[in-house]
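Undergrad: Dropping a structure here in structure tokens format, bear with me for questions.
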Amino acid sequence: MSSAVVICHYHEVALKQRNREIFEKKLRTNIAFMLSDIVKQNMVMRGYGRLKIVLPFGFEETEKVEIVKSRLSNVFGLTNFGIGVVTALDIEKICEASLKVLKNKTFKTFSVKTKRQNKRFPLNSVEVNRQVGAYLLEEFKNEGKEVSVDLKNPDVSVHIEIVDKEVYVYADRFKGPGGLPVGSSGKVVSLLSAGFDSPIASYMMMKRGAKVIFVHYHSYPYTSYDSIEQVKQLVKILTKFQFHSKLFIVPIAEAQRIIVLNAPVGLRTILYRRLMIKIAEKIAEKEGAEALVTGESLGQVASQTLRNIRVINQIATFPILRPLIGIDKEEIIQKAREIGTYEISSQPYDDCCSFLTGRHPETWADFDEIFEVEKKLNWDELVDMSLSNAEIENVYAEFLNKDILEKIED
Ligand code: ATP
Ligand code: MG
């Protein structure tokens, strides 16, 4: 039995030279982490504008291959990947490998698609297609199988990629999730509640290559502990895309009590939000993050009117990214079902933002009123007080091989 190989492809060709290097290295490391319980780190290799993974089992071992397939479908930066075999720069070997990857497949029609990167290979891609096609027809005829070539709409395709020193042959090709490798764009701090929106906002940032640090605020013991438990479960799910997450769990009840003593009911939600931004910025500074992320979507709830977004923004010095700003709830919920956060987010929880806020929060906050109230508040004190009681959790993906934990970079 020969080892199966996975050939990984990525796009984003617009990337500049140096960025490309960072991108490829990150993608390689991320794949190695994602498969760390299956393959050794050095079995994930870069070269020829692709990544090659040598698996410790043959591609006929479908159950194991399925695991690899489902893991790779969560590695951002991959556009597609093929699972097959590697062979030598020799047309006979290529023919045999092509037959092998089609073994156990049921099909009536097939095609052969060759990409010849190595221009020194004596046959061009059309010639390879023809020779391999003819060989396969002959072999299947001898086996009594009725198959024919269909170039337009084949049941299966054999992909042949000829590079400098070897040839990759596979019939199984799968779509990757696209995006950029997590960590290749830098870090962000995501404000994570137990609702539907912020986990999806975090997911979208990871997909664009950001490593996400999570912060959750709670008003325990004035509100229940449920939101904290839910957020921990959400972070666990989201961590499978980035392997390691830091979660800051920050109690804000004391700071909220001080705000309540100084602010009219209608302004409290906005002030809590401004407090949350202040605290998140402090975390971002400490962690070397470049931006904050929220799950806000325009007009969804009272605090998400344009005016209130502007008022909340005004206190920030970091950019606040809102990947869901123009996205409908339906689409957000659809995504939550896809990535597996739906069940958790649909459970009821106490929201710290509704702590003594009344039923009608201000939808069009007034800057002057806010500034007037804030004269009585000392933000630095409130931020430090809240952060000094924060809990920090490190969450690791379940599949990670424990030996490599220390290699996980932030
Ligand atoms: P979500 O579904 O993400 O809770 P939402 O529609 O309920 O969003 P809000 O409750 O107004 O909207 O929250 C807006 C954003 O503020 C959230 O998406 C999240 O980024 C942040 N946020 C709200 N509550 C918390 C919290 N307790 N801890 C951390 N961030 C929060
Ligand atoms: Mg919420």
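Residue numbering for the sequence shown follows full-length UniProt numbering, beginning at 1 and increasing consecutively. Cβ coordinates follow ideal geometry from the N, Cα and C atoms, glycine included.
(1) Report the option in His244, Phe214, Arg310 and Lys240 whose CA atom is closest to the CA atom of Ala280.
(2) I'd like the ranges of any alpha helix (DSSP H) spanning at least 4 consecutive residues and lying wholly in the segment 269-321.
(3) Return helix, strand or coil for Glu398, following the three-state DSSP convention.
(4) Give me the residue from Thr317, Gln304 and Val250 with the minimum Cα distance to Ile327.
(5) Hey, how far is the Cα of Gly133 from the Cα of Asp164?
(6) Around the C-beta of Lys211, are 16 or more other C-beta atoms found within 10 angstroms, so that it is buried, or is it exposed?
(7) Would you say the segment 54-74 touches the segment 33-43, given that touching needs at least three Cβ pairs under 8 Å?
(8) With distances taken from CA atoms, which of Lys141, Asn104, Ile91 and Gly295 is nearest Val156?
(9) Looking only at its own chain, which residues have a Cβ that is under 6 Å from the Cβ of Glu229, when we skip the five neighbours before and after it?
(10) So, at 8 Å on beta carbons, what are the nonlocal neighbours of Ile67 in its own chain, with the 5 sequence-adjacent residues on each side left out?
(11) Just the C-alpha distance for Asp366 and Val311, rounded to the nearest angstrom, thanks.
(12) So does Gly195 have its beta carbon nearer than 6 Å to some heavy atom of ligand 1?
(13) Thinking just about the alpha-carbon of each residue, which of Glu127, Glu331, Val6 and Lys115 is nearest to the one in Lys175?
(14) Which residues mark the beginning and the end of the beta strand (DSSP E) in which Val75 is found?
(15) Specify the secondary structure class of Lys113 as computed by DSSP and reduced to three states.
(16) Quick one: measure Cβ to Cβ for Thr294 and Arg268, integer angstroms, because I've assumed they're closer than 8 Å.
(17) Please name the residue in Glu330, Val188, Phe243 and Ile315 whose C-alpha comes closest to that of Ile283.
(18) Please determine if the segment 179-186 and the segment 136-154 are in contact, where contact requires at least 3 C-beta pairs separated by less than 8 Å.
(19) Can you find a C-beta in chain C that's less than 7 Å from the C-beta of Leu192?
(20) When the Cα atoms are used, what is the spatial distance from Glu60 to Val44?
(21) Rounded to whole angstroms, what is the Cα-Cα separation between Ala291 and Glu285?
(22) Please report the straight-line C-alpha distance between Thr109 and Leu78, rounded to a whole angstrom.
(23) Considering just the uninterrupted stretch of the alpha helix (DSSP H) at Leu123, what are its terminal residues?
(24) Which whole-angstrom value describes the C-beta separation of Ala263 and Val373, a residue pair presumed to lie in contact below a C-beta threshold of 8 Å?
TA: Inspection of the coordinates gives the following:
(1) Translated into the one-based positions of the sequence shown, residue 280 becomes position 280. The residue with the shortest Cα to Cα distance from Ala280 is Phe214.
(2) 306-314
(3) The residue labelled residue 398 in the question sits at position 398 within the sequence shown. Note: Glu398 maps to coil in three-state DSSP.
(4) Reading the sequence shown from its first residue, position 327 is the one you call residue 327. Per the Cα distances, Gln304.
(5) For the purposes of this step, residue 133 is identified with residue 133 of the sequence shown, where counting begins at 1. For the purposes of this step, residue 164 is identified with residue 164 of the sequence shown, where counting begins at 1. Those two C-alpha atoms are separated by around 23 Å.
(6) Within the sequence shown, numbered from 1, the residue matching residue 211 stands at position 211. Buried, by the Cβ-count rule.
(7) The segment 54-74 makes contact with the segment 33-43; the number of CB pairs closer than 8 Å reaches 3 or more.
(8) Position 156 of the sequence shown, counted from the first residue, corresponds to residue 156. It is Asn104.
(9) Counted from its first residue, the sequence shown places residue 229 at position 229. Excluding sequence positions up to five before and after Glu229, its CB lies less than 6 Å from no other CB in the same chain.
(10) Residue mapping note: residue 67 aligns to position 67 of the sequence shown, counting from 1. Contacts found: Ile38.
(11) Here residue 366 is taken as the residue at index 366 of the sequence shown, counted from 1. Here residue 311 is taken as the residue at index 311 of the sequence shown, counted from 1. Asp366 and Val311: Cα-Cα distance of roughly 8 Å.
(12) As a position in the sequence shown, residue 195 is number 195, starting the count at 1. Answer for Gly195: yes, Cβ within range of ligand 1.
(13) Position 175 of the sequence shown holds residue 175. Ranked by how close their Cα comes to the Cα of Lys175, the residues Glu127, Glu331, Val6 and Lys115 have Val6 in first place.
(14) Against the sequence shown, residue 75 aligns to sequence position 75. That residue, Val75, is in no beta strand (DSSP E); it is neither H nor E in DSSP.
(15) One-based indexing of the sequence shown puts residue 113 at position 113. If DSSP states are grouped into helix, strand and coil, Lys113 belongs with the strands.
(16) Looking up residue 294 in the sequence shown gives position 294. Looking up residue 268 in the sequence shown gives position 268. Contact doesn't hold; Cβ gap of about 18 Å is too wide.
(17) Locating residue 283 in the sequence shown gives position 283, counting from the first residue. Of the candidates Glu330, Val188, Phe243 and Ile315, the one whose C-alpha sits nearest the C-alpha of Ile283 is Val188.
(18) no
(19) Of the chains in the structure shown, none is chain C; there is only one protein chain.
(20) Reading the sequence shown from its first residue, position 60 is the one you call residue 60. Reading the sequence shown from its first residue, position 44 is the one you call residue 44. Their backbone Cα atoms lie some 20 Å apart in a straight line.
(21) Position 291 of the sequence shown, counted from the first residue, corresponds to residue 291. Position 285 of the sequence shown, counted from the first residue, corresponds to residue 285. When rounded, the distance between both Cα atoms is 10 Å.
(22) Taking the sequence shown and counting its residues from 1, the one referred to as residue 109 is at position 109. Taking the sequence shown and counting its residues from 1, the one referred to as residue 78 is at position 78. Distance between the alpha carbons of Thr109 and Leu78: 28 Å.
(23) The sequence position of residue 123 within the sequence shown is 123, counting from 1. Neither: Leu123 is in no alpha helix (DSSP H) and is coded neither H nor E.
(24) Reading the sequence shown from its first residue, position 263 is the one you call residue 263. Reading the sequence shown from its first residue, position 373 is the one you call residue 373. The Cβ separation is near 5 Å, so the contact holds.
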